[in-house]
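Inspection log for the structure reproduced underneath, given as structure tokens.
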Amino acid sequence: MKIKLVKAGTLVFLALYLGFLCTRGWAKDIPIDEIAAKMEQDEAITTMEKCGARELRRFYGLEAKNLEGYFFYKAESPMSVDEFLVVKADSPQGAEEVLDRAEVHLEEQKKSFEGYGVSQTALLSEAAVETRGSYVLYASGKYAQQWKKEFLDLIR
Numbered sequence: 000m001k002i003k004l005v006k007a008g009t010l011v012f013l014a015l016y017l018g019f020l021c022t023r024g025w026a027k028d029i030p031i032d033e034i035a036a037k038m039e040q041d042e043a044i045t046t047m048e049k050c051g052a053r054e055l056r057r058f059y060g061l062e063a064k065n066l067e068g069y070f071f072y073k074a075e076s077p078m079s080v081d082e083f084l085v086v087k088a089d090s091p092q093g094a095e096e097v098l099d100r101a102e103v104h105l106e107e108q109k110k111s112f113e114g115y116g117v118s119q120t121a122l123l124s125e126a127a128v129e130t131r132g133s134y135v136l137y138a139s140g141k142y143a144q145q146w147k148k149e150f151l152d153l154i155r
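End of the sequence shown sits at 155 in numbering that gives the first Met the number 0; the numbers just go up one at a time, nothing left out.
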């Protein structure tokens with residue numbers, strides 16, 4: 000009897016674990032314009048400078064024409080680490096490539112502020128850089144975790 004319970008428990012655990020793995024990278028397919036419209040209701044985002052393809056290339060090494068869509072806000076002051084970027088790649092594999100670029104950008108930011116920007120370095124250590132499905136999020140600054148939650152709520 001004990002062996003049957005252990006086997007049943009193991010099967011349930013495996014089923015739950017596999018279900019978790021299969022849905023972990025999943026995201027609803029929402030147009031980037033719709034996501035931007037919702038996120039731009041947050042005044043902390045819209046008080047930053049809206050960036051275009053040139054800034055996307057400069058800071059992340061990404062070409063806008065190779066993406067399904069994006070929106071990007073960055074603080075005007077070079078001493079601020081406030082930044083919010085959402086990219087919709089053409090595939091989850093494309094999102095992984097964008098994620099790599101975002102992680103490189105974060106490391107470059109940390110090096111830039113190392114040694115003199117103590118508060119900026121602390122904010123960068125709390126930055127959100129992740130992928131869900133074909134989407135990539137980069138959020139840094141005081142509201143990074145809040146923005147992450149808002150974004151994930153939209154695509155779940």
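Note that the Cβ used here is the ideal one computed from N, Cα and C, for glycine as well.
Using a C-beta cut-off of 8 Å, the region 44-55 makes no contact with the region 109-116, since fewer than three inter-stretch Cβ pairs fall below that distance.
The beta carbon of residue 31 lies closer than 6 Å to those of 68, 87 in the same chain, with the five residues before and after it left out. Collapsing the DSSP output to three states places residue 136 in a strand. CA-to-CA, the gap between residue 26 and residue 132 works out to about 5 Å.
Here residue 29 really is in contact with residue 154; their C-beta atoms are around 6 Å apart, less than 8 Å. Distances from the CA of residue 127 to each of 63, 35, 106 were compared; the closest alpha carbon is that of 106. Closest by C-alpha distance to residue 115, out of 38, 79, 6, is 79. Runs of the beta strand (DSSP E) lying entirely within the region 103-135 and spanning at least 3 residues, in chain order: 127-131. Counting of Cβ neighbours within 10 angstroms places residue 139 among the buried residues, the total reaching 16 or more. Between residue 125 and residue 144, the C-beta gap is smaller than 8 Å, which places the two residues in contact.
Per DSSP, reduced to three states, the secondary structure at residue 147 is helical.
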